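Numbering (our numbering), first residue to last: 20 to 184.
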């Protein structure tokens, strides 16, 4: 994520320019999956499932991981200084949060294949929608990488991945 941020620099890449040509297409509506209301409702459901199942570590990870993601995004955006339409853009906070929330859904579902496939589909849709509207597409890739790292930490700390010595 850090390497990508330095490689893409402050402006749009050719990949970003290609995606930006669709900013006024119906595909822009795909960004709806990153709606804060939708993500908060999903987080509450994951938290309730974790509490109901007495998975206290997962409940704690569910409460903390999105906040950690937001904190990292706010800390990293000024470091990279990449702007789109006058606002700091890299990494995408929309996609970082989307990945974290859907990663927590996967953990709550016990890493079931159906949950993994749904999460991948929703995240790709969100990356596309955000990558042609609020952000450059490479910003969404940075958000994917940052969110994935935070989900990995959540999985380790919530006992979802066995520790090996």
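Using N, Cα and C, we set each Cβ at its ideal position, and we do this for glycine too. Being a predicted model, the structure only gives us computed values, none of them experimental.
Euclidean distance between Cα positions of residue i and residue j
i: residue 164; j: residue 25; result: 14 Å
i: residue 157; j: residue 147; result: 11 Å
i: residue 28; j: residue 162; result: 15 Å
i: residue 80; j: residue 63; result: 12 Å
i: residue 85; j: residue 52; result: 16 Å
Residue i (DSSP reduced to helix, strand or coil)
i: residue 96; result: helix
i: residue 43; result: coil
i: residue 178; result: coil
Environment of residue i [buried if 16+ CB atoms lie within 10 Å]
i: residue 59; result: exposed
i: residue 120; result: buried
i: residue 71; result: exposed
i: residue 126; result: buried
i: residue 97; result: exposed
Residues bridged to residue i [DSSP beta-bridge criterion]
i: residue 103; result: 106
Taking only runs that begin and end inside the region 106-150, name each unbroken alpha helix (DSSP H) of 4 or more residues, in chain order. 112-127 and 132-150
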